[in-house]
């Protein structure tokens with residue numbers, strides 16, 4: 006059963022489960038949504054990694070897609086559980102990222118060259134669990150690079166828990182502990198904001214998620 010948060014003639018907002026492509030393709034989340042809503046087409050305006058779940062918006066028309074795809078049209082906030090408890094309480098991470106398409110992995114690099122893009126995010130530590138040596142953080146993206154959150158925190162020795170690709174392996178984690186928590190945008194002069202909390206399971210249940218404020 007797909008969790009649909011909002012639906013109108015211009016766009017639909019829903020919660021993507023982990024394990025589904027966020028873009029078009031056989032067995033993708035857009036394919037499921039089109040079937041659920043009996044729609045001939047949907048237009049992705051942003052993406053989530055296959056292993057990440059949470060709030061997404063899809064346009065129903067090309068005009069809506071154009072408006073929602075504009076630079077900085079969407080404000081995206083994530084919740085992540087990271088390995089380690091040594092992060093400063095809050096901060097901003099600015100890096101140069103290179104995506105290795107063959108390995109499907111993103112790296113922090115020291116200099117600009119072909120394929121290197123600037124990446125920026127801000128974060129705030131919401132809680133720490135000393136027993137498990139993990140931290141809960143709220144992350145707001147300022148750029149939308151491939152694997153950005155995963156790569157930037159891994160580079161600082163605080164990988165997302167359960168993310169084996171970036172050094173956060175934890176066999177007790179069902180899916181990687183990164184969740185698209187909140188999405189806000191303006192459409193035709195009206196503001197919209199949608200937020201959802203991660204499932205009540207490990208490692209999210211180590212923290213009082215109901216107290217989260219964006």
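Numbering (our numbering), first residue to last: 6 to 219.
Cβ atoms here follow ideal geometry from the backbone N, Cα and C, with glycine treated the same way.
These numbers were taken from a predicted model, which means no experiment stands behind them.
Residue i to residue j span [Cα, whole Å]
i: residue 7; j: residue 20; result: 7 Å
i: residue 202; j: residue 124; result: 25 Å
i: residue 197; j: residue 32; result: 29 Å
i: residue 132; j: residue 165; result: 15 Å
i: residue 162; j: residue 205; result: 26 Å
i: residue 184; j: residue 210; result: 14 Å
i: residue 62; j: residue 122; result: 25 Å
i: residue 114; j: residue 157; result: 11 Å
i: residue 50; j: residue 134; result: 36 Å
i: residue 26; j: residue 208; result: 23 Å
i: residue 72; j: residue 15; result: 11 Å
i: residue 217; j: residue 145; result: 14 Å
i: residue 88; j: residue 149; result: 22 Å
i: residue 64; j: residue 13; result: 10 Å
i: residue 110; j: residue 178; result: 20 Å
i: residue 130; j: residue 143; result: 6 Å
i: residue 116; j: residue 18; result: 38 Å
i: residue 78; j: residue 190; result: 6 Å
i: residue 180; j: residue 22; result: 10 Å
i: residue 37; j: residue 199; result: 20 Å
i: residue 212; j: residue 153; result: 24 Å
i: residue 34; j: residue 182; result: 19 Å
i: residue 102; j: residue 160; result: 11 Å
DSSP beta-bridge partners of residue i
i: residue 110; result: 105
i: residue 95; result: 129
i: residue 81; result: 188
i: residue 122; result: 102
i: residue 12; result: 17
i: residue 74; result: Per DSSP, none; premise fails for residue 74.
i: residue 64; result: 16, 48
i: residue 88; result: 139
i: residue 197; result: 190
Per-residue burial, residue i [other beta carbons within 10 Å of its own, 16 or more giving buried]
i: residue 105; result: exposed
i: residue 187; result: buried
i: residue 136; result: exposed
i: residue 118; result: exposed
i: residue 84; result: buried
i: residue 195; result: exposed
i: residue 24; result: exposed
i: residue 167; result: buried
i: residue 11; result: exposed
i: residue 43; result: exposed
i: residue 193; result: exposed
i: residue 59; result: buried
i: residue 81; result: buried
Report the residue ranges of all alpha helix (DSSP H) runs contained in full by the stretch 130 to 186; include only those spanning at least 4 residues, in chain order.
153 to 160
Does the stretch 91 to 104 come close enough to the stretch 165 to 177 that 3 or more CB-CB pairs lie under 8 Å?
no
Please give me, in chain order, every unbroken run of the alpha helix (DSSP H) with length at least 4 that falls completely inside the stretch 20 to 48.
34 to 42
On the three-pair Cβ rule with 8 Å, is the stretch 139 to 146 touching the stretch 52 to 68?
no
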